[in-house]
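Residue numbers (the numbering used here), protein chains in the order written: chain A, 3 to 192; chain B, 3 to 192.
The beta-carbon is built from N, C-alpha and C at its ideal position, and this holds for glycine as well.
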DNA sequence: TATCTCATGTAATACGTTACATGATTGC
DNA sequence: GCAATCATGTAACGTATTACATGAGATA
């Protein structure tokens, strides 16, 4: 984990914090359980695990199987546990352009304290509420100012940009509503 | 554009199809108008434009300004126009993991024929409706099967995974609804 | 007078994708 | 008998991020 730990390393760390697995298994779990992020190639998982084991975050034991490829069953080390829990507990810095950054941390939040989790959710929610207000007040304004010069049908262009704008706005609304609902659920049920 | 044209190249091409701009301007337009995708660094835009001009897709004229940095005003070439329109008209292959791929093409659709645009939207909508059915029928099933071994609180984990699942589902629902609404608008108003 | 915006870029590094390589087992 | 799944990886290539480098004009 040379420098800034990237999200794949944390996903692998997080999954290994739940149970030891082979690289192949990790890939499958990502596909079926983490599932809403773009699938990562196995050819990227293997070298990443290798790097992480060199960094002492994970370790593996070999299971030899006559004829077939050996199994490398990875598990998380104490150092890995440490780093992962630190990452989970870090103050949440909402990413203006992506919702999945937070969602991913949330996926692994069972390893996190309820108090800190609630803090994370509230930070995210506050940020999105402000963003929502700003996005709503944007409507025709900026779009009109960006009128293209070499254009066939200006009316058509503006209509399409408005629909595109609706796309962004509705996703933000859905996300905010989801955050409100998980805040309530975590408060009451966890 | 060595091989598979990537999306940044198409964004730049699309914006230049609307009006000539400097690299700096393109960056700003991406930030304020395309806006819902992660911002691209200027240090990536400059070499990309250079590559594209070497490939004959764009060209620029120099505007010298005493003291200050020269302006490079890029515009799209006939070859660039061609490639861009081909890209826009290409059959739509919905990306299971990302909604912004289609949304981005839609942003530039004013340069596209209404008939083809409607086809694109219908393809996308059909795909998402199926995906929605599959995602809905997933609920507790897979999640339970993935029960972690080394776990403190299984109940908590499953609840969090269910909320995470709701996140994915609700985004898909919002997206599908948005597609239905733009289908109607394009049919009736464009 | 200091910060922000305008305007261009290079270099180093890290990350991700695609193609390639191998081979046994399981299910149809 | 054939395809999909299991299970491991390497190599080449392309793309994106971060840091570095420069400097004028506008705004507070």
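Coarse secondary structure for residue i, derived from DSSP in three states
| i | result |
| --- | --- |
| residue 73 (chain B) | strand |
| residue 10 (chain B) | helix |
| residue 92 (chain B) | coil |
| residue 62 (chain B) | strand |
| residue 35 (chain B) | helix |
| residue 112 (chain A) | helix |
| residue 183 (chain B) | helix |
| residue 5 (chain A) | In this predicted model, residue 5 (chain A) has a pLDDT of only 43, less than 50, meaning its place in the structure is not dependable; the value taken from the coordinates is given anyway. In this structure, residue 5 (chain A) counts as coil in the three-state DSSP scheme. |
| residue 55 (chain B) | helix |
| residue 68 (chain B) | coil |
| residue 139 (chain B) | coil |
| residue 23 (chain B) | strand |
Close beta carbons around residue i, own chain, < 7 angstroms, minus the five adjacent residues each side
| i | result |
| --- | --- |
| residue 94 (chain A) | 104, 122, 125, 126 |
| residue 33 (chain A) | 41 |
| residue 16 (chain A) | 86, 110 |
| residue 22 (chain A) | 75, 76, 77 |
| residue 193 (chain B) | Limits of chain B in this structure are 3 at one end and 192 at the other, which puts residue 193 (chain B) out of reach. |
| residue 50 (chain A) | 10, 11, 14 |
| residue 201 (chain A) | Residue 201 (chain A) lies beyond the stretch modelled for chain A, which goes from 3 to 192, so this question has no answer here. |
| residue 179 (chain A) | none |
| residue 81 (chain B) | 58, 59 |
| residue 6 (chain A) | For residue 6 (chain A), the predicted structure reports a pLDDT of 46, less than 50, and the residue's modelled location is therefore unreliable. The matter cannot be settled from this model. |
| residue 194 (chain A) | The displayed coordinates of chain A run from 3 to 192. Any statement about residue 194 (chain A) would go beyond what the structure contains. |
| residue 181 (chain A) | 123, 126, 127, 130 |
Residue i beta carbon near the ligand HEM (any heavy atom closer than 7 angstroms)
| i | result |
| --- | --- |
| residue 168 (chain A) | Ligands in the displayed structure: none, and consequently the ligand HEM is not present. |
Cutoff 6 angstroms; reference residue i; Cβ partners in own chain excluding five residues on either side
| i | result |
| --- | --- |
| residue 73 (chain B) | 24, 65 |
| residue 48 (chain B) | 25 |
| residue 118 (chain A) | 91 |
| residue 116 (chain B) | 192 |
| residue 29 (chain B) | 44, 47 |
| residue 97 (chain B) | 103 |
| residue 107 (chain B) | none |
Whether residue i touches residue j by CB criterion (8 angstroms)
| i | j | result |
| --- | --- | --- |
| residue 158 (chain A) | residue 112 (chain B) | yes |
| residue 58 (chain A) | residue 79 (chain A) | yes |
| residue 83 (chain B) | residue 43 (chain B) | no |
| residue 54 (chain A) | residue 114 (chain A) | no |
Residues near residue i by beta carbon distance below 8 angstroms, same chain, minus five either side
| i | result |
| --- | --- |
| residue 120 (chain A) | 185, 188, 189 |
| residue 101 (chain A) | 173, 177 |
| residue 69 (chain B) | none |
| residue 140 (chain B) | 167 |
**Request:** Mind the definition here: the region 183 to 192 of chain A touches the region 131 to 139 of chain B only if three or more C-beta pairs lie below 8 angstroms; say whether that holds.
**Result:** Short answer: they don't touch.
**Asked** Touching or not, the region 26 to 41 of chain A and the region 163 to 177 of chain B, by the rule of three or more beta carbon pairs under 8 angstroms?
**Response** yes
**Request:** Examine the Cβ distances between the region 156 to 170 of chain A and the region 77 to 95 of chain A and report whether three or more of them are shorter than 8 angstroms.
**Result:** No, the region 156 to 170 of chain A is not in contact with the region 77 to 95 of chain A.
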